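Asks: If you want this note's numbering, it's the position in the sequence shown, counting the first as 1, plus 2.
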Amino acid sequence: MPDIMPDTTIILGLFALWTTIFIMNRLFNLKELGIDVGPFILMYRTNRISILDKITEKIPAWIWNIVWTAGILLGFAGMACILGLLAKNFLTFFQKPSEAAPTIILIPGLTISLRTLPYILISIAIVVLSHEISHGISAKREGIGLKSVGLLLFLVIPGAFVEPEEEDLKKVPLKSRLRVYGAGSLSNMIVAALTLLLFLNFTFLISPLYVPQSQGVLIMDVVKGGPSEGILFPGAVIFEINGTRINNLEEFSEYLSKIIPGQILVLKTNHGDSIITTGAHPSNKQVAYLGVYPFNYYPPREYFQWMGPFIPYHVYWTFYWTWFVCLNIALFNLLPLFPLDGDKMFMEAAGYLTKDKDLKRLLTNFMRSLSLFLLLGNFALTFLNMGFITI
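Okay, structure coming up:
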């Protein structure tokens, strides 16, 4: 049975956060401010939606029609894509387990490390805001009223929601309902594409403030108990190893691949020379290990020395996780599985294809069962083959 190693810092932080929220709710009755507090969930609801009206009115109706109609097409294409990917990955676990992609649930402290958590939270905030705002705009454009909009916090994961008037939703044409259901994932795909473009052009983006060519390896942190503890520190920059120039992560990894555990290395850094004896890598005892979290070193330009060396790292990982999370949540949301948007889209499609209510129910339940089977199957096989993966 794989070990489960929760990050106790995150667990304790969550406990302190929600204890504070519960105390504040008891002392000040937050419900009077429109804030509902439940077990590990906080929700703020309002019916002030004028900003959505302004956004909807400023852009011509024909543009919205094209955009939201594209959302229908991409919605059904995405549904087929995610089902196909899950099915293929499920079979790969039995045929070539080493080539299967891990499928995990994002759980702070268990599958999300403290190091990655800030970037994941930023990504999820961008995902849910763009997703729900798009639902709201598309609903307003299709003549569907909104009961309320709001923000929520589940554990430490931010969220948002839009509540359409159900009666209005039932009265509008099929195409209008599909436009509303597909709008959220469409916006997430657009954000994913934009942030992927920024990620791929990362060095160009930082070039006004930082030299875009890596000139060493920056140590972001040191593994506790590792070979480098007490020798290297965050902010150290490695320029040479045993006299060999190291310009970037690729050269750093290539050099270490030729080293064996127990070998002595002389590192030339911005703090002088450091001598380290390599250890054995925790996952492969034959591979040398320094126990550091490295990143390419992009020196700040002359007038921006005060900014320090760490900003490129944070920019890089913010863009990476934003495009990755946006795309994966967009596809996940298109699964024909209650209560996701994909389930609503499939039900509408099934209702259009057949007027037989029993057949419609049969098709819907089949797709829900298939989706749940593939999803849980990938989760289970990931755990059995790889354990709890922490990102």
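All C-beta atoms in this analysis are idealised placements derived from N, C-alpha and C, irrespective of residue type, glycine included.
Remember, predicted model here, so these are calculated numbers, not experimental data.
How is residue 234 classed by DSSP in three states: helix, strand or coil?
Replies: On the sequence shown, residue 234 is found 232 positions in, with the first residue counted as 1. Three-state DSSP puts residue 234 in a strand.
Asks: Below 8 Å CB to CB, which residues in the same chain sit around residue 209 once its five sequence neighbours on both sides are set aside?
Replies: Taking the sequence shown and counting its residues from 1, one reaches residue 209 at position 207. Around residue 209: no qualifying Cβ.
Asks: State yes or no: is the C-beta of residue 261 within less than 8 Å of the C-beta of residue 277?
Replies: In the sequence shown, counting from the first residue as 1, residue 261 sits at position 259. In the sequence shown, counting from the first residue as 1, residue 277 sits at position 275. Their beta carbons are not under 8 Å apart, which means residue 261 does not touch residue 277 by this criterion.
Asks: Can you list, in chain order, the residues of its chain with a C-beta nearer than 7 Å to that of residue 190? Leave out the 5 residues immediately preceding and following it.
Replies: Counting from 1 along the sequence shown, the entry for residue 190 is found at position 188. Excluding sequence neighbours, residue 190 sits near 129, 132, 133, 328, 331, 332.
Asks: Looking only at C-alpha atoms, which of 295, 166, 355 sits nearest to residue 220?
Replies: Translated into positions along the sequence shown, residue 220 becomes position 218. Of 295, 166, 355, the residue nearest in Cα terms is 295.
Asks: By the three-class DSSP mapping on this structure, what secondary structure does residue 276 have?
Replies: What you label residue 276 is simply residue 274 of the sequence shown in a count that begins at 1. Residue 276 falls in the strand class under three-state DSSP.
Asks: Run through the segment 294-362 for me and flag every whole alpha helix (DSSP H) of 4 or more residues, listed as ranges in chain order.
Replies: Qualifying alpha helix (DSSP H) stretches, in chain order: 313-334, 343-355.
Asks: Just curious, the alpha helix (DSSP H) that residue 90 is in, first and last residue?
Replies: The count along the sequence shown starts at 1 and reaches residue 90 at position 88. Taken as a continuous stretch (DSSP letters only), the alpha helix (DSSP H) holding residue 90 covers 63-97.
Asks: Going straight from the alpha carbon of residue 102 to that of residue 83, what length do you get?
Replies: Translated into positions along the sequence shown, residue 102 becomes position 100. Translated into positions along the sequence shown, residue 83 becomes position 81. Spanning the two alpha carbons is a distance of roughly 17 Å.
Asks: Relative to the alpha-carbon of residue 391, which residue among 113, 62, 363, 356 has its alpha-carbon at the smallest distance?
Replies: Position 389 of the sequence shown, counted from the start, is the residue given in the question as residue 391. Per the Cα distances, 113.
Asks: Under a three-way DSSP split, which group does residue 124 fall into?
Replies: Indexing the sequence shown from 1 puts residue 124 at position 122. If DSSP states are grouped into helix, strand and coil, residue 124 belongs with the helices.
Asks: In chain order, what residues of the same chain lie with their CB nearer than 7 Å to the CB of residue 121, ignoring the 5 residues before and after it?
Replies: Looking up residue 121 in the sequence shown gives position 119. Contacts found: 319, 320, 323.
Asks: Leaving out the 5 sequence neighbours to the left and right, which residues in its chain are closer than 6 Å to residue 6 when beta-carbon positions are compared?
Replies: Taking the sequence shown and counting its residues from 1, the one referred to as residue 6 is at position 4. For residue 6, the predicted structure reports a pLDDT of 40, less than 50, and the residue's modelled location is therefore unreliable. A value from the coordinates is still provided. Excluding sequence neighbours, residue 6 sits near 390.
Asks: Grouping DSSP H, G and I as helix and E and B as strand, with all else coil, what is residue 281?
Replies: Residue 281 sits at position 279 when you count from the first residue of the sequence shown. Strand.
Asks: Which residue wins for smallest C-alpha separation from residue 229, given the options 74, 292, 309, 26?
Replies: The residue you call residue 229 lines up with position 227 of the sequence shown. For the residues 74, 292, 309, 26, the minimum Cα distance to residue 229 belongs to 292.
Asks: Can you tell me whether residue 135 is buried or exposed? The criterion is at least 16 other CB atoms within 10 Å of its CB, across all chains shown.
Replies: On the sequence shown, position 133 is the one that residue 135 refers to. Classification for residue 135: buried.
Asks: Starting from residue 166, follow its DSSP beta bridges and name the residues at the other end.
Replies: Walking along the sequence shown from the start, residue 166 turns up at place 164. Bridge partners of residue 166: 148.
Asks: Residue ranges of each beta strand (DSSP E) run of no fewer than 3 residues wholly in the segment 209-261, ordered along the chain?
Replies: Correct list: 219-224, 239-243.
Asks: What is the DSSP secondary structure of residue 391, reduced to helix, strand or coil?
Replies: Here residue 391 corresponds to residue number 389 of the sequence shown, with the count starting at 1. Looking at residue 391 - three-state DSSP - the assignment turns out to be coil, as it is neither helix nor strand.
Asks: Let me confirm a value: residue 73 is counted as buried when at least 16 other C-beta atoms fall within 10 Å, else exposed. Which label applies?
Replies: Mapped onto the sequence shown, residue 73 falls at position 71. So residue 73 ends up on the buried side.
Asks: Should residue 207 and residue 200 be called a contact, given that it needs their Cβ atoms to be closer than 8 Å?
Replies: Stepping through the sequence shown from its first residue, residue 207 is reached at position 205. Stepping through the sequence shown from its first residue, residue 200 is reached at position 198. Cβ atoms of residue 207 and residue 200: closer than 8 Å.
Asks: Where does residue 267 sit, in a helix, a strand or coil, going by DSSP?
Replies: Within the sequence shown, residue 267 is the residue found at index 265, counting from 1. Strand, per DSSP.
Asks: Between 269, 264, 257, 227, which lies nearest to residue 238 when the distance is taken from Cα to Cα?
Replies: If you number the sequence shown from 1, residue 238 lands on position 236. Per the Cα distances, 269.
Asks: Apart from the five residues on each side of it in sequence, which residues of its chain come closer than 6 Å, Cβ to Cβ, to residue 170?
Replies: If you number the sequence shown from 1, residue 170 lands on position 168. Cβ within range, chain order: 146, 147.
Asks: If we call anything under 8 Å between Cβ atoms a contact, is residue 370 one with residue 345?
Replies: The residue given as residue 370 occupies position 368 in the sequence shown. The residue given as residue 345 occupies position 343 in the sequence shown. The answer is yes: Cβ separation under 8 Å.
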